[in-house]
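Working notes, beginning with the structure itself.
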Amino acid sequence: PQGRHARASRDVSWTVPGATTLRLHQLLAQAGYLPVKWTPDGADVAHTERAEAGAAAVPPAGHFSWRYPNTPPELKSQWDDKTATVITRGAVMMYQDEHQMTVDGIAGPTLWKALMQDAIKGAKPHPGYSYVYVHENVPQKMTLWHDGGIVITSPGNTGIASAPTALGTFPVFEHLRVTTMSGTNPDGSHYNDPGI
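For the sequence shown, our numbering assigns the number 6 to the initial residue and increments by one for each residue that follows.
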């Protein structure tokens, strides 16, 4: 611009640090969605939006410990406090489902805001933690572990050679008491099994 009232302008830019996985784990642990608990080394984060936003980028010092003394080694092997794992994804999915959010397993802005609001108001922790592990060795069995104890062990079935069950650990956030399993067998025939 020209003229007596023209002013010089200047562009300013800065980088805002992103939220950390470590703080996500701290918040999820405080909310009861992880098999670990988190204890701060000093005072906990102040119950204000400003303090929570700061802690998301620069988490307070502290330590995680297992909530249950007999946590299955299969579950323990999946945990890393600074890296998002399948345990993180499962916790995020459970939180999203129970808070009427889109269940995608992604810790986006909506999830962060809700977790921080829960921390600010000191929300009651989620009750319990469940883990199911299935052993392929014959006889195959399924074990449901909840809150430090085995609830049930029953026969399991991981599939057949021509249609094997994929190996791995998978988060489950929806549980059906009774359902119908249906599909197609490897030979092309169909099955429909109610009451499962």
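Note that CB positions come from ideal geometry on N, CA and C, so glycine has one too.
None of these values were measured; they are calculated from a predicted model.
Cβ pair residue i, residue j closer than 8 Å
i	j	result
leucine 32	alanine 124	yes
isoleucine 92	leucine 172	no
glycine 161	methionine 147	yes
leucine 116	tyrosine 100	yes
glutamate 57	valine 63	no
proline 176	glycine 95	yes
glycine 164	valine 183	no
glutamine 83	threonine 174	yes
alanine 24	alanine 61	yes
leucine 181	alanine 112	no
The alpha helix (DSSP H) enclosing residue i, as first and last residue numbers
i	result
tyrosine 100	91-103
methionine 121	114-126
glycine 153	Where glycine 153 is concerned, there is no enclosing alpha helix (DSSP H), given that its DSSP letter is neither H nor E.
histidine 30	26-35
Nearest-angstrom Cβ-Cβ length linking residue i and residue j, presumed shorter than 8 Å
i	j	result
proline 74	glycine 193	50 Å between Cβ atoms; not a contact.
leucine 27	aspartate 86	6 Å
alanine 36	leucine 120	6 Å
proline 77	tyrosine 138	6 Å
tryptophan 71	valine 97	So it is not a contact: roughly 20 Å between Cβ atoms.
valine 143	tryptophan 150	Not a contact, Cβ separation roughly 21 Å.
Best match in the options for proximity to residue i [C-alpha to C-alpha]
i	options	result
threonine 189	Asp198, Leu181, Arg182	Asp198
glycine 47	Ala60, Leu29, Gly67	Gly67
arginine 55	His104, Gln122, Glu103	Gln122
tyrosine 136	Phe69, Thr158, Asp109, Tyr196	Thr158
Host beta strand (DSSP E) of residue i (start-end)
i	result
lysine 42	41-45
tyrosine 188	The question names tyrosine, but residue 188 is glycine in the sequence shown. 186-189 is the extent of the beta strand (DSSP E) around glycine 188.
Beta-ladder partner(s) of residue i, from DSSP
i	result
tyrosine 138	Thr148
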